[in-house]
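For the sequence shown, counting from 1, position 170 maps to 524 in the numbering used here; every step adds exactly one.
Glycine included, C-beta positions come from ideal geometry on N, C-alpha and C.
Written below as C-alpha cells is the structure these notes are about.
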Amino acid sequence: MVQQFTINTAFYMLMPYLAVHLSGDLGMAAWAVGLVLGVRNLTQQGMFLVGGTLADRLGYKNMIVAGCVLRTAGFGLLGLVDTLPALTVASAATGFAGALFNPAVRAYLAHESGKRRVEAFAVFNVFYQAGMFVGPLVGLALLAADFRLVCAVAALLFLGLTLIQLRMLPSRPGAARPEPGTGILTAWRTVVDNRPFLLFAAAMVGSYVLSFQVYLALPLQARRLAPGRADAVTTGLFALSAAVAVTAQLKITAWARTRWSAQRAIVYGVALMGAAFLPLLPDVDLGDGNAGLLRRAAVLVPLATTVVLLGLGTALVYPFEMDTVVSLAGGRLVATHYGLYNTVSGLGVTLGNLATGALWDTADRLGHPELTWWALAATGALCAACVALLARAGRLAVRPEPQGAAMTAS
Numbered sequence: 355m356v357q358q359f360t361i362n363t364a365f366y367m368l369m370p371y372l373a374v375h376l377s378g379d380l381g382m383a384a385w386a387v388g389l390v391l392g393v394r395n396l397t398q399q400g401m402f403l404v405g406g407t408l409a410d411r412l413g414y415k416n417m418i419v420a421g422c423v424l425r426t427a428g429f430g431l432l433g434l435v436d437t438l439p440a441l442t443v444a445s446a447a448t449g450f451a452g453a454l455f456n457p458a459v460r461a462y463l464a465h466e467s468g469k470r471r472v473e474a475f476a477v478f479n480v481f482y483q484a485g486m487f488v489g490p491l492v493g494l495a496l497l498a499a500d501f502r503l504v505c506a507v508a509a510l511l512f513l514g515l516t517l518i519q520l521r522m523l524p525s526r527p528g529a530a531r532p533e534p535g536t537g538i539l540t541a542w543r544t545v546v547d548n549r550p551f552l553l554f555a556a557a558m559v560g561s562y563v564l565s566f567q568v569y570l571a572l573p574l575q576a577r578r579l580a581p582g583r584a585d586a587v588t589t590g591l592f593a594l595s596a597a598v599a600v601t602a603q604l605k606i607t608a609w610a611r612t613r614w615s616a617q618r619a620i621v622y623g624v625a626l627m628g629a630a631f632l633p634l635l636p637d638v639d640l641g642d643g644n645a646g647l648l649r650r651a652a653v654l655v656p657l658a659t660t661v662v663l664l665g666l667g668t669a670l671v672y673p674f675e676m677d678t679v680v681s682l683a684g685g686r687l688v689a690t691h692y693g694l695y696n697t698v699s700g701l702g703v704t705l706g707n708l709a710t711g712a713l714w715d716t717a718d719r720l721g722h723p724e725l726t727w728w729a730l731a732a733t734g735a736l737c738a739a740c741v742a743l744l745a746r747a748g749r750l751a752v753r754p755e756p757q758g759a760a761m762t763a764s
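See below:
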C-alpha cells in the first residue's frame, strides 16, 4: 500500500507537467511532445504482458524492484537531457518500468491477501488515489523552483522505495509458476486460451474508456463551461475524484459485499459510471463570464455531480474487478493475466479516446454537444450488459485454484 502511494505520488508530481516542460522550457514542437508522451504510453501498455510473464517466472519482488530501478533512471534522465532521442529513451524507460512492476504489484497483493482479495484491493485503491491527489500538489510546489528539481525528487522517491523493497519486501515467487521447461509462448497460449478471461477483459474495456474521461472529456467540458477558468475547474475535478475514492472506497466495498455478488457489483458499478454522464446533457454555459454566484453553481454542479458519480461507480467496480481477474485465472499465471488485461484495456482506452475526441468535434460542429454524453452513457450500459450476459451464461464462474497457492514458499 505504501509502495503504491509512493509510486503514484512520484509519477503524478512529474508527468502532468512534462508536456509544459517540453514545449515551453525546451521549445519542442507539438509533434515531438506527442512523440515523447506517446512512447511512454505505448511502451507501458504494449509491454504489460511481458512484465506480467516475467513476474510469474522470476518472482514478484524481482520485477517490482527492477521496475522501480528503471523508473528511477528514467525520471532522473528526463531532468538531465534536452535532446529528442535522449528524451524518447527516458520516456520509454519510464513506460517499461510501469509494465514491469504494475502486474507484479497486483499479483503480489492478490497472493498475499488470499481470500480477502476484495478488501485488499479496496484499500489498495485508497492509497492509489491518494497518491494521485498528493503528487500534482507536490510537483506544482517544486515546479516553482525548477523542473529538474521535480525530476530529481521523483527519482529519489523511487530510489528510496527501491532500497526499502530490497530490505523489507519478502520475496515471493510467482504463484503457481509454470513447470520447468515450460516456455513463455506456452504460458501466453494458456492465458489466451482462457476464453472467459478474454471475454471479461473485452467487456470491461468500456469502463476504462469512461474512467479516462476525467482526463479528456470532462476537462474539455470545463473549458466550454468556464472559459478562462478551465485550469482551476479541472484541478477541482481531480481533487474531487480522488476525494471520493479516498473517503468512500472502503464503505462502498463493505456495503456491496453484504448485498451483491462480485458480478452484480461490477454490473451495477459500470452502469453507474455510464449514467454519471447524464447530468451533463443540458447545454449551459457561463455566458459572458459576469454571471452571478447562483448561475455559476447551476452550471458547474452538474459537472461536479458527474465526477462524483463516476468516482462512486469506479470505487464500486475496482476491487471486485481485480478479484474476478484472479478468479478467472484460477490462481495460475496471475501476473501474466493481469499483464494481458492491462494491455487490452490500454489499447481500448487509446481507441476509445480517439473515438471520443472525434465525436466531440463532430458534436460541436453539429451544435449538439449532448451527443458525446449520450454516447458515453450508452458505452456504460453496453459494458454493463455484456458483463451481465457473461455472468448469466456462467462464464465468470470461479475457477478452482491450485491447492496451497496461497502458501507458496516465502
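Cβ-based neighbour list, residue i, same chain, cut-off 7 Å, excluding 5 preceding and 5 following
| i | result |
| --- | --- |
| Leu-553 | Leu-744, Arg-749 |
| Thr-442 | Leu-389, Val-390, Val-393 |
| Glu-734 | Going by the sequence as given, residue 734 is Gly instead of Glu. Cβ neighbours of Gly-734 beyond the five flanking positions: Gly-560, Leu-564, Val-624, Ala-625, Met-627, Gly-628, Ala-629. |
| Val-770 | Here the chain covers residues 355 to 764 and nothing more, so residue 770 does not appear. |
| Tyr-692 | Gly-406, Pro-457, Arg-460, Ala-461, Val-679 |
| Ser-467 | Ala-474 |
| Gly-702 | Val-559, Tyr-562, Val-563 |
| Thr-544 | Leu-687 |
Residue closest to residue i, alpha-carbon to alpha-carbon, out of the options
| i | options | result |
| --- | --- | --- |
| Ala-508 | Phe-365, Arg-686, Pro-636, Phe-674 | Phe-365 |
| Leu-687 | Thr-588, Asp-547, Ala-625, Asp-410 | Asp-410 |
| Gly-392 | Met-369, Gly-378, Gly-711 | Met-369 |
| Gln-358 | Ala-458, Pro-656, Pro-723, Ala-447 | Ala-458 |
| Val-653 | Val-587, Gly-421, Met-355 | Val-587 |
| Gln-399 | Gly-485, Leu-454, Ser-681 | Leu-454 |
| Leu-431 | Thr-448, Thr-660, Ala-596, Phe-631 | Thr-448 |
| Gly-421 | Leu-663, Ala-658, Leu-513, Ala-599 | Leu-513 |
| Gly-590 | Val-504, Leu-657, Pro-633, Phe-551 | Leu-657 |
| Gly-700 | Leu-412, Asn-456, Leu-434 | Asn-456 |
| Thr-397 | Ser-445, Leu-632, Leu-380, Met-417 | Ser-445 |
| Val-671 | Gln-483, Gln-603, Ile-518, Ala-709 | Gln-603 |
Nearest-angstrom Cα separation, counted from residue j out to residue i
| i | j | result |
| --- | --- | --- |
| Phe-481 | Ala-669 | 12 Å |
| Phe-402 | Leu-694 | 6 Å |
| His-465 | Phe-475 | 12 Å |
| Ala-742 | Asp-637 | 32 Å |
| Arg-425 | Arg-613 | 41 Å |
| Ala-619 | Pro-573 | 28 Å |
| Asp-718 | Met-676 | 37 Å |
| Thr-660 | Val-423 | 38 Å |
| Leu-635 | Trp-714 | 13 Å |
| Leu-511 | Val-600 | 22 Å |
| Phe-501 | Ala-427 | 16 Å |
| Leu-579 | Glu-473 | 38 Å |
| Val-374 | Leu-497 | 11 Å |
| Ile-361 | Ala-610 | 29 Å |
| Asp-825 | Leu-434 | Nothing can be reported for residue 825, as the shown portion of the chain is limited to 355 through 764. |
| Gly-582 | Pro-490 | 21 Å |
| Arg-471 | Ala-451 | 25 Å |
| Ala-725 | Ala-499 | The residue asked about is misnamed: residue 725 is Leu in this sequence, not Ala. Using only the alpha carbons, I get a separation of about 43 Å. |
Residue i (DSSP reduced to helix, strand or coil)
| i | result |
| --- | --- |
| Pro-524 | coil |
| His-722 | coil |
| Val-435 | coil |
| Asn-548 | coil |
| Thr-668 | helix |
| Met-761 | Low per-residue confidence applies at Met-761: pLDDT is 35, beneath 50, and the placement is therefore not dependable, though the value from the model is reported in the following sentence. DSSP places Met-761 in helix when its eight states are reduced to three. |
| Asp-715 | helix |
| Met-382 | coil |
| Val-752 | coil |
| Leu-657 | helix |
| Ala-597 | helix |
| Met-367 | coil |
| Phe-631 | coil |
| Pro-490 | helix |
| Asp-410 | helix |
| Met-676 | helix |
| Ala-747 | coil |
| Leu-591 | helix |
Own chain residues within Cβ distance below 8 Å of residue i, not counting five before or after
| i | result |
| --- | --- |
| Asn-707 | Val-563, Phe-566, Leu-570 |
| Ala-557 | Cys-737, Cys-740, Val-741, Leu-744 |
| Val-492 | Thr-363, Met-367, Val-507 |
| Val-568 | Leu-591, Phe-592, Ser-595, Val-661, Leu-664 |
| Leu-520 | Val-419 |
| Gly-711 | Leu-570 |
Neighbourhood of residue i by C-beta, 6 Å cutoff - its chain only, sequence neighbours within 5 removed
| i | result |
| --- | --- |
| Val-414 | According to the sequence provided, residue 414 is Tyr. The question's Val does not apply to it. Taken in chain order, the residues that qualify are Ala-458, Ala-461, Tyr-462, Arg-526. |
| Met-382 | Leu-376 |
| Ala-386 | Leu-438 |
| Ala-747 | none |
| Ala-555 | Tyr-695, Val-698 |
| Leu-517 | none |
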